[in-house]
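To convert a position in the sequence shown, counted from 1, into the working numbering, add 2.
Every residue gets a Cβ at the ideal spot worked out from N, C-alpha and C, and that includes glycine.
For reference, the structure is listed below as structure tokens.
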Amino acid sequence: AALTVVMGNRVARDDYEWVYTEQPHADRRKAILAKYPEIKSLMGPDPRLKWIV
Numbered sequence: 003a004a005l006t007v008v009m010g011n012r013v014a015r016d017d018y019e020w021v022y023t024e025q026p027h028a029d030r031r032k033a034i035l036a037k038y039p040e041i042k043s044l045m046g047p048d049p050r051l052k053w054i055v
């Protein structure tokens with residue numbers, strides 16, 4: 003793979019997107035909820051997670 007200079011560093015990958023916002027996950031969550039409001043019922047704490055972690 004060819005090296006690409008990203009943010010001053012040489013990286014071997016360029017198949018991802020750099021996001022320069024402070025909280026990209028929160029922004030993405032808002033965008034998804036705006037487009038698909040029905041998935042809000044799937045969000046929340048999962049009591050089974052304590053057994054996995």
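TODO: For R12, name the three-state secondary structure that DSSP assigns.
DONE: strand
- [ ] Using three-state DSSP, classify P49 as helix, strand or coil.
- [x] Assignment of P49 by DSSP, reduced to helix, strand and coil, places it in the coil class.
Task: Cβ neighbours of I41 in the same chain (closer than 8 Å, five flanking residues each side left out) - done: I34, L35
Task: Cα-Cα separation between R12 and Y22, rounded to whole angstroms - done: Rounded to the nearest whole angstrom, the CA to CA distance from R12 to Y22 is 18 Å.
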